[in-house]
Structures are given as structure tokens and as C-alpha cells.
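Participant:
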Amino acid sequence: MSGALLDVALVHYPVFNRRREVIGSAVTNLDIHDIARTARTYGVRRFYLVTPYEDQQQLVAELLEHWLKGRGGQLNPARKEALTLVRVVPDLATLYQRVSADRGERPLVLATSAREQPQTRDFGDIRRQLRAGKPAMILLGTAWGLAPAALSGVDAFLPPIKGAGDYNHLPVRSAAAILLDRLLATG
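First residue of the sequence shown? That's 344 in the numbering used here, and the numbers climb one at a time after it.
Take a look at the structure:
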């Protein structure tokens, strides 16, 4: 199945810190590279970074400049291809507006959580929706998860990823890969 009907957003604000205070988290080089590569592997249309911080936006711009127009892209064309998916937006309102305008309709907005949520939809249901031509967008949280303000525009939650025991604190890069595989894998 193609991921062309799916967008992914990595939300850096508003998120929680370990004390459940609302913060803005730092953009990381590894998250950008790894999630972009995973998104490209599964045919996702766009990978958005949501941060209101101008210094973080500038950091992403410089990274993308190196890989899309500079020496990085010349040396590693596959990485360049993956990073063409990356867009930066300052907030969720801009994200929703931009994706809705690009798609011609508002996508189903899906959030992730390490815990069960009341509005959880199973992976099969979302796969069927994508096959039927309905666009969707996944919001991935950073730090200690999405704050309530980030959830106000969410339509449903994806099921939490459960491992072998009680420990459940996956890196966001790993969670993104698992979620995209469960939604878009063809084999």
C-alpha cells in the first residue's frame, strides 16, 4: 500500500517534560534523518517538524541546505531523496491549514501515545481508510509526550506499541518505523 495519503508530523511543541510541564523540545539531527528515511521507505507524502523556535527552524534549514543543495546530497543521493520530504512549520494550526490546503480536505488526524486512550482506532481500520482514499496525518510526540493543547485537533489515537513487558518508552524514531510498518507494509 502506498503511503501517499499519509503525512507524518514530529511535534516539538507543545509537549511534556518528565514533570508533566508543557515545554518545547529540541529538534535532533537523528530524528530528522531517520524518520525522513522511514517515511520515504513507506511512501509517506510529507514529514513535518513542528517547532515555534526560530533557532530550531534555522538549524533544520541549515541541515536541509547541506543535504539537498550541498555536498551531503552529492555524496549520498538516497539521503537527499528522503530529506526532500521534510517541511518545517511553527505550530499545529499552520500544519493543519497547510496539509488541508495541499490535500483539498482535512485529513484524519491521529495521535500517538504510550498508553491506551479512549478514542483509539485499530491499525486495520486506518489501513482500510487509506485504501479508500481518505488522507490521514500522524502526530508523533517528543520529550514525554504530546500536551493537551496538541491533542485538541486530534480525531483519534493509534494503538500504543506494546513490547514484551511493562517497559514502554521507545525512541520516537523507532515508534515511527513500527507505526508506519503496521499501517503501510506490503509484505
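The beta carbon of each residue, even a glycine, is placed where N, CA and C say it ideally should be.
1. Let me check understanding here. Comparing Cα to Cα, which of H512, D468, S495, P502 lies closest to T485?
2. Apart from the five residues on each side of it in sequence, which residues of its chain come closer than 6 Å, Cβ to Cβ, to F500?
3. Does G415 come out as helix, strand or coil in the three-state DSSP assignment?
4. If you reduce the DSSP assignment to three classes, tell me which class R362 lands in.
5. Could you check where the beta strand (DSSP E) with A454 kicks off and where it finishes?
6. Tell me whether the region 390-399 and the region 427-443 touch, counting them as touching only if at least three CB pairs, one residue from each stretch, are closer than 8 Å.
7. Determine the burial state of A421: buried for a count of at least 16 other Cβ atoms within 10 Å of its Cβ, exposed for fewer.
8. Report all residues from its chain with a CB closer than 6 Å to the CB of K349; omit the five preceding and five following residues, and keep chain order.
9. Taking the DSSP output, what are the residues bridged to D350?
10. Check V429 in the structure and name its three-state DSSP category.
11. Select from A490, A352, A347, N372 the residue whose C-alpha is nearest the C-alpha of W410.
12. To which residues does DSSP link F500 through a beta bridge?
13. DSSP on L489, reduced to helix/strand/coil?
14. Report the option in L426, L483, I469 whose CA atom is closest to the CA atom of Y356.
15. Going by C-alpha distance, which of P503, T529, Y510 is nearest L522?
16. Please state whether the Cβ-Cβ distance between V351 and A382 is less than 7 Å.
Facilitator: To lay it out plainly:
1. H512
2. Taken in chain order, the residues that qualify are A454, S456, Q460, Q462, T463.
3. Three-state DSSP puts G415 in a helix.
4. coil
5. Looking at the DSSP string, the run of the beta strand (DSSP E) that includes A454 is 451-454.
6. yes
7. exposed
8. The sequence given here places Leu at residue 349; Lys does not occur at that position. Around L349: V387, A479.
9. R389, M480
10. strand
11. N372
12. A454, T463
13. strand
14. It is L483.
15. P503
16. V351 places its beta carbon less than 7 Å from that of A382.
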